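This report concerns only the one structure given below.
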Amino acid sequence: RALLWEQIKGTGTDETNGDPATSDSTTPRAPRSKRGGSHHVNDTDDVRRDPSEIRFSKRASNPKTRSFVAKRVKPKSGRDDSVAVRSSSGSLLLHNPSAPTGKSSPIPSGRCGGGELHRGAAETGGGAEPERNCQRHPALTTATVSVPLDLAVPAAETRPRRDRAEREQGRRARWEWERARDRAEEAAAAAAAAVAVAAMCGIFAYLNYNVARERRYIMEVLFNGLRRLEYRGYDSSGIAIDSDLPPSPAAGKDGSALREGEAAGRSPYSARPPLVFRQEGKIESLVGSVYRETDVMDLNLEESFFVHAGIAHTRWATHGVPASRNSHPQTSGDWNEFLVVHNGIITNYEVWITSKLSTSSFFSPSCTSIYSNILTRFLYKLVIVLKETLIRHGFTFESDTDTEVIPKLAKFVFDKAHDEDGEVTFSQVVIEVMRQLEGAYALIFKSPHYPNELIACKRGSTLLLGVKELSEDMKNCMSFHDVKALTTNGKPKELFFSSDLCAIVEHTKNYLAIEDDEIVHIKDGSVSILKFDYGKEKPASVQRALSFLEMEVEQIKKGSYDHFMQKEIHEQPHSLTTTMRGRLRDKSVILGGLKDHLRTIRHSRRVVFIGCGTSYNAALAARPFLEELSGIPVTMENASDLLDREGPIYREDTAVFVSQSGETADTLLALEYALENGALCVGITNTVGSTLARKTHCGVHINAGCEIGVASTKAYTSQIVVMTMMALAIGDDRISTQFRRESIIDGLCSLPNVVREVLKLDGEMKDLAKSLIDVQSLLVFGRGYNYATALEGALKVKEVALMHTEGMLAGEMKHGPLALVDETLPIIVIATRDACFSKQQSVIQQLRARKGRLIVMCSKGDASLVSPGDSCRVIEVPQVADCLQPVVNIIPLQLLAYHLTVLRGYDVDQPRNLAKSVTTL
1 RALLWEQIKG TGTDETNGDP ATSDSTTPRA PRSKRGGSHH VNDTDDVRRD PSEIRFSKRA
61 SNPKTRSFVA KRVKPKSGRD DSVAVRSSSG SLLLHNPSAP TGKSSPIPSG RCGGGELHRG
121 AAETGGGAEP ERNCQRHPAL TTATVSVPLD LAVPAAETRP RRDRAEREQG RRARWEWERA
181 RDRAEEAAAA AAAAVAVAAM CGIFAYLNYN VARERRYIME VLFNGLRRLE YRGYDSSGIA
241 IDSDLPPSPA AGKDGSALRE GEAAGRSPYS ARPPLVFRQE GKIESLVGSV YRETDVMDLN
301 LEESFFVHAG IAHTRWATHG VPASRNSHPQ TSGDWNEFLV VHNGIITNYE VWITSKLSTS
361 SFFSPSCTSI YSNILTRFLY KLVIVLKETL IRHGFTFESD TDTEVIPKLA KFVFDKAHDE
421 DGEVTFSQVV IEVMRQLEGA YALIFKSPHY PNELIACKRG STLLLGVKEL SEDMKNCMSF
481 HDVKALTTNG KPKELFFSSD LCAIVEHTKN YLAIEDDEIV HIKDGSVSIL KFDYGKEKPA
541 SVQRALSFLE MEVEQIKKGS YDHFMQKEIH EQPHSLTTTM RGRLRDKSVI LGGLKDHLRT
601 IRHSRRVVFI GCGTSYNAAL AARPFLEELS GIPVTMENAS DLLDREGPIY REDTAVFVSQ
661 SGETADTLLA LEYALENGAL CVGITNTVGS TLARKTHCGV HINAGCEIGV ASTKAYTSQI
721 VVMTMMALAI GDDRISTQFR RESIIDGLCS LPNVVREVLK LDGEMKDLAK SLIDVQSLLV
781 FGRGYNYATA LEGALKVKEV ALMHTEGMLA GEMKHGPLAL VDETLPIIVI ATRDACFSKQ
841 QSVIQQLRAR KGRLIVMCSK GDASLVSPGD SCRVIEVPQV ADCLQPVVNI IPLQLLAYHL
901 TVLRGYDVDQ PRNLAKSVTT L
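Using UniProt numbering, you'd call the opening residue of the sequence shown number 1 and step up by one each time.
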């Protein structure tokens, strides 16, 4: 009954009998797609078409396309004129060319009970019998092609057309389809771009089980969790807790109509209604607002709960301005039946999808999926989006966020299940919601329909589970089977969800990094994990092991410092020691994460460093040394620029991705691009278990410790050291560089002490900052190893001190920047001892000739060489090996940026408009 195509060929003809299409100037021509990988059907190519084949073009190069399986549906009548195309998300498009022009049948696959008929082309009058079994047949082989956004090329007409008018009609229909497809591809490109605007928000949840906790204590746990995550976004924030007040509709939320039988004003659930507090501004604004509102409503903050679930969120705005209505938790409408906190972005909340949804017959007694029984007689239109679909079903949207569609979609699923007098579990609701969402996200759900339960799921964004047993020590890691058995014994415990380990380390060191498409359900004090799969109706239960967190609470506290940035600058001797610990042995470098791939790297065609911002600058600082030791060409790529250009990446390349968080959106998209092109991908990150660490073939953790200040400091120096050690490991097979390598290893061993000495310049940098407090612009010149230092120093000043600062290559000074020089413009020139020292002396002379206001950074003892007669201000730093000098030279500039920010009255740790680890296109 079903025939699989094993050959997927290029373009097709207009005629199904193999005759080339005739050219007619009056007939519209289907435009060729500008994207090389699109599945274009060419009406004029003279290519023979076998009736048993469907034609797609080559695999799309867009990393956001998805795979489809094409399958012929053969009716009993002997006519073979229907094509079923199954997407990776489980959606089955059944196309019948015999049906009226433009009609198609979207049917989700793998969700019907055994033997239930697809209501296919036969209902449209085409005469084709529907496929009887939508499950995958083990004997069938599949052929996979790439089609964006659930689109498939319409099947070729197998019935010969006998007259010219019919041919023209078919050509016009195909041309219209091509136009619609091109519009959808544009929407797909926009969706891919939207993924790169991944919001770095912070989500947190706390559930206490069988242990009495006062409402005030619960609120403080949520507030403290948000304080730990505030570096991820501080535009607005919110929490949701349980109330002890009589149920009442949520103020200002119209939501959808109550289900049939519900009287207006009557609660649709018997549990305590949740209270939602949201506030624009930083966390302390939320704290003050919550306590004021609880006083007004006379809420008893001393009431104890033996079981309670609360959720919280801090936001960095991407969709909608910072405002209370756009803050999280987002709600489903009246009564707050479903609440969601979200980190990430939903790409299809306003992106075209393939079919118009029916307003009836969403459930059938034999189907558990909400779309298993959709009627198939719909016009083939690419016009409906999730948001518009929910509006058509009576929901009202008040925020500008993409998140609001999620709780409303959950309520829609829940209502439809109950309309059919069926019961649906919390996890089933979340599974159906996940089935409809596209994008990168981490979600936590709370609902009064399922009191004292929490569900978390993720795809792309980081999410962690923390487990704290209050009755016995859990220092030993155990499988989740054991944990589940332990958590069902009724003993007291606390459980946490968080976007970052720094928010749970003060509560517990036992944690689990949730994997993509996993659903973690906390109910009755027990934890269960399900693995979501588009192709399966029911998710599989999985067992996971807890990890033990190697972090101390002191690392996430300021201690005696005024700001986290100040603390992290002064922690660099310790962070560098930690980075090198166990990796330098007997004049050699041991990098366990790379040892199995060093041979491949040494035989690479080239090494490509890919990063953004500070990580890009760190790679730039390490590039000359890697080229010197390995003899391999090394190129630099900004991640977003690589994607914009679709620059060439080859199978023989080694692509090194550098990211402090391991979650930088542009870097992850570039990683997907490199993986698709077959390159060996190496990751360098500070975050164990991050997306970058999981998706690369190999890599090195920099072990710099938790970095909370938005401006990266200690991670930058640790990244340079790690890439220097990587260069030493790659070049270890060359005898000619042995002496050079050993001298660098000696320099690495003494580097923490040298950095400790440089930090004594703190007072001098503060005095320099006072002299620069009123200037509007600052230039930083560097070359060679210190070109990266100039870029990074300028970046630090501009991002925290909000002063216009430019890092420039000193060799380019004569090609334009020299015109800016006068006695009022301060210029920092980095002129420490290396191969470029004499050239920097020349630059200094030229700037002095133009009466520039010079500040020169030089090696100790070189002040008279760079500033004869004390003609400029000098910063002297210790001299180390040239490839390690950027580590030393950046620290005075970090201190300068810090003191400038404090003196100018700006927030050091949370600079304006920025959040940590966020990259936009």
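Where is the CB? At the ideal position from N, CA and C, for every residue including glycine.
Note that the structure is a prediction, hence the values are computed from the model and not measured.
Reduced DSSP category for residue i - H, G, I as helix; E, B as strand; rest coil
i: L680; result: strand
i: G782; result: strand
i: N343; result: strand
i: A271; result: coil
i: C749; result: helix
i: F532; result: coil
i: N476; result: Model confidence at N476 stands at a pLDDT of 46, short of 50, so the residue's coordinates are unreliable; what they give is reported in the following sentence. In the structure shown, N476 sits in coil (DSSP, three-state: anything other than H, G, I, E or B).
i: R873; result: strand
i: N913; result: coil
i: N210; result: strand
i: G807; result: strand
i: F204; result: strand
i: S327; result: coil
i: A790; result: helix
i: residue 922; result: In the structure displayed, the chain extends from 1 to 921; residue 922 sits before or after that span and is not available.
i: E744; result: It is Ile, not Glu, that sits at residue 744 in the sequence shown. The answer is helix: DSSP assigns I744 an H, G or I state.
i: K493; result: strand
i: F739; result: helix
i: A545; result: strand
i: I711; result: Ile is not the amino acid found at residue 711; the sequence shown has Ala there. Coil at A711, not helix or strand.
Residue environment, residue i, which counts as buried when at least 16 other CB atoms sit within 10 Å
i: E876; result: buried
i: S777; result: exposed
i: C749; result: exposed
i: A540; result: exposed
i: G559; result: exposed
i: K408; result: buried
i: E443; result: Looking at the sequence provided, one finds Leu at residue 443 rather than Glu. Its Cβ being crowded by 16 or more others within 10 Å, L443 is buried.
i: G611; result: buried
i: N617; result: buried
6 Å CB neighbourhood of residue i in its chain, flanking five on each side removed
i: G678; result: R651
i: D732; result: none
i: T805; result: L778, A794, V797, K798
i: Q841; result: none
i: D633; result: Per the sequence presented here, residue 633 reads as Pro, with Asp not at that position. Cβ neighbours of P633 beyond the five flanking positions: R606.
Start-to-end residues for the alpha helix (DSSP H) that takes in residue i
i: M726; result: 714-730
i: D242; result: Segment 236-242 is the beta strand (DSSP E) holding D242; no alpha helix (DSSP H) there.
i: I218; result: 215-229
i: K411; result: 405-419
Sequence-distant residues of its chain with Cβ nearer than 7 Å to residue i (five each side left out)
i: V688; result: H701
i: I504; result: L464, G466, F496, S498, Y511
i: residue 924; result: Since the first residue of the chain shown is 1 and the last is 921, residue 924 is not available in this structure.
i: I844; result: V829, A831, L854, V856, V866
i: K567; result: K558, G559, Y561
Proximal residues to residue i (C-beta, below 8 Å), its chain only, five neighbours per side dropped
i: H697; result: H597, L680, C681, V682
i: E280; result: D235, S236, P322, A323, S324, S327
Beta-bridge partners of residue i, as assigned by DSSP
i: A801; result: Note: A801 sits in no beta bridge, so no partner.
i: D653; result: R606
i: L464; result: S498, A513
i: K458; result: A442
i: P826; result: R853
i: L299; result: Per DSSP, none; premise fails for L299.
i: A831; result: C858
i: A312; result: F204, I239
The beta strand (DSSP E) enclosing residue i, as first and last residue numbers
i: E280; result: 274-280
i: residue 964; result: Outside the shown range of the chain (1 to 921) lies residue 964, about which nothing can therefore be said.
i: N638; result: 634-638
i: E627; result: Not the beta strand (DSSP E): E627 falls in the alpha helix (DSSP H), residues 613-630.
i: I522; result: 518-523
Residue-chain proximity (residue i, chain D), Cβ-Cβ < 8 Å
i: F657; result: Protein chains in the displayed structure number just one, and chain D is not present.
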